[in-house]
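S.K.:
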Ligand SMILES: NC(=O)c1ccc[n+]([C@@H]2O[C@H](COP(=O)([O-])OP(=O)(O)OC[C@H]3O[C@@H](n4cnc5c(N)ncnc54)[C@H](OP(=O)(O)O)[C@@H]3O)[C@@H](O)[C@H]2O)c1
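As structure tokens, this is what we get:
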């Protein structure tokens with residue numbers, strides 16, 4: 253099997269996914285916005301800040317070289333979740349909107365395009381896994397219009413890719429997590445509005461990164477081709493549809 257590129261894998265869900273795929277014996281390539289010192293034997297992490305429009309292309313080219321020219325799957329996981337209140341100045345609000353759309357959606361579109369073209373050129377199939385969010389369907393807080401819009405856009409892109417290229421063996425899967433505790437410092441609940449949010453989750457807790465990573469690994473390695481185009485919810489039944 254060729255390599256799997258996992259974006260945003262320096263921490264949180266992406267780090268857990270990278271580890272899970274590596275455990276399965278798959279050669280993996282990680283990514284983060286900036287350089288991180290990798291532990292001995294850990295997968296390589298390529299630095300590329302998606303705030304820069306050329307960063308996704310630089311990442312793709314670097315990953316292709318590291319892989320020896322054969323990438324078989326891409327996990328579009330990198331993302332930012334930063335508040336953008338309506339009472340900011342016009343230019344601050346617009347800048348934050350553009351930045352979140354670029355990091356959370358445009359970079360994933362660029363990488364998906366490079367991957368589809370790469371698989372077509374090689375005459376092989378491949379897999380894309382998009383880490384979107386419950387917010388794609390449910391919306392988000394009043395300060396996160398941009399985040400919800402980017403994640404909805406990701407789902408629409410995913411379905412389009414799945415429908416367009418299934419005939420070529422190019423499969424696309426999306427995962428839509430609800431709250432997932434990715435904080436090392438244990439302040440995750442506070443950062444998302446306090447313990448009250450648990451009242452909304454029938455499971456009684458937020459997801460663990462490992463749980464979302466298990467779904468990502470399933471989509472990358474095990475999901476039957478007939479599942480292409482699927483969106484897999486993981487939100488403790490806080491949003492059922
Ligand atoms: N946690 C949740 O509750 C939750 C819920 C639903 C969906 N999600 C989605 O799941 C994905 C992973 O979330 P997470 O909570 O695991 O995130 P996280 O712990 O905040 O980690 C974010 C990852 O994305 C990278 N990243 C951030 N800004 C970037 C930029 N400008 N350019 C390139 N890479 C950038 C980070 O790299 P650095 O380390 O270099 O900053 C890091 O590797 C995201 O797409 C998120 O929207 C998360």
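In the working numbering, the protein residues as written are 253 to 493. Ideal Cβ positions, reconstructed from N, Cα and C, are used throughout, including at glycine.
How long is the line joining the alpha carbons of residue 454 and residue 442, rounded to whole angstroms?
M.R.: Cα-Cα distance, rounded: 19 Å.
S.K.: Can you tell which of 308, 280 and 272 has the C-alpha that lies nearest to the C-alpha of residue 297?
M.R.: Of the listed residues, the one whose Cα sits closest to residue 297 is 280.
S.K.: Using the Cα positions of residue 407 and residue 384, report the straight-line distance between them to the nearest angstrom.
M.R.: Cα to Cα, the separation comes out at about 7 Å.
S.K.: Since residue 320 and residue 376 are thought to touch, with beta carbons under 8 Å apart, how far apart are those beta carbons, to the nearest angstrom?
M.R.: With a Cβ gap of about 14 Å, residue 320 and residue 376 do not count as contacting.
S.K.: For residue 378 versus residue 367, is the C-beta distance shorter than 8 Å?
M.R.: In contact: residue 378 and residue 367 (Cβ atoms closer than 8 Å).
S.K.: Identify whether residue 333 lies in helix, strand or coil by the three-state DSSP scheme.
M.R.: The answer is coil: DSSP assigns residue 333 none of H, G, I, E or B.
S.K.: How long is the line joining the alpha carbons of residue 348 and residue 336, rounded to whole angstroms?
M.R.: Between residue 348 and residue 336, the C-alpha separation is close to 7 Å.
S.K.: For residue 369, count neighbouring Cβ atoms within 10 angstroms of its own Cβ and tell me buried if that reaches 16, exposed if not.
M.R.: Result: exposed.
S.K.: Can you list, in chain order, the residues of its chain whose CB lies under 7 Å from that of residue 477, leaving out five sequence neighbours each side?
M.R.: Cβ within range, chain order: 423.
S.K.: Quick check on the DSSP output: what are the complete alpha helix (DSSP H) runs of length 4 or more inside the segment 361 to 423, in order along the chain?
M.R.: Counting only runs of 4 or more, we get 387 to 390 and 397 to 417.
S.K.: Could you check whether residue 402 and residue 391 sit closer than 8 Å to each other, using their CB atoms as the reference points?
M.R.: No, Cβ-Cβ distance for residue 391 and residue 402 is not below 8 Å.
S.K.: Answer yes or no: do residue 276 and residue 469 have a C-beta to C-beta separation smaller than 8 Å?
M.R.: Yes. Within cutoff.
S.K.: Extract the residue ranges of the alpha helix (DSSP H) inside the segment 429 to 481, only unbroken runs of 4 or more that lie entirely within it.
M.R.: Qualifying alpha helix (DSSP H) stretches, in chain order: 440 to 443 and 461 to 469.
S.K.: So, for residue 273: in the same chain, excluding its five sequence neighbours on each side, which residues have a beta-carbon less than 6 Å away from its beta-carbon?
M.R.: So the list reads 256, 280 and 469, once near-sequence residues are dropped.
S.K.: Can you look up residue 426 in the DSSP assignment and give me helix, strand or coil?
M.R.: Residue 426 falls in the strand class under three-state DSSP.
S.K.: I'd like the ranges of any alpha helix (DSSP H) spanning at least 4 consecutive residues and lying wholly in the segment 264 to 338.
M.R.: As far as the segment 264 to 338 is concerned, its whole alpha helix (DSSP H) runs of at least 4 residues are 264 to 275 and 307 to 319.
S.K.: Indicate the three-state DSSP secondary structure (helix, strand or coil) for residue 489 in the structure shown.
M.R.: Note: residue 489 maps to coil in three-state DSSP.
S.K.: Which residues does DSSP pair with residue 258 in a beta bridge?
M.R.: According to DSSP, which records beta bridges pairwise, residue 258 is partnered with 282 and 327.
S.K.: If you count every other CB in all the chains shown that lies within 10 Å of the CB of residue 270, and 16 or more means buried, which is it?
M.R.: Buried.
S.K.: Provide the residue(s) that pair with residue 484 in DSSP beta bridges, ordered along the chain.
M.R.: DSSP lists 427 as partners of residue 484.
S.K.: Ordered along the chain, which non-local residues of its own chain (more than five positions away) have a Cβ less than 6 Å from that of residue 462?
M.R.: Only 268 meet the Cβ criterion.
S.K.: Could you check what DSSP says for residue 341 in three-state terms: helix, strand or coil?
M.R.: Three-state DSSP puts residue 341 in coil, outside helix and strand.
S.K.: In chain order, what residues of the same chain lie with their CB nearer than 8 Å to the CB of residue 363, ignoring the 5 residues before and after it?
M.R.: Answer for residue 363: 257, 259, 308, 311, 312, 326 and 328, listed in chain order.
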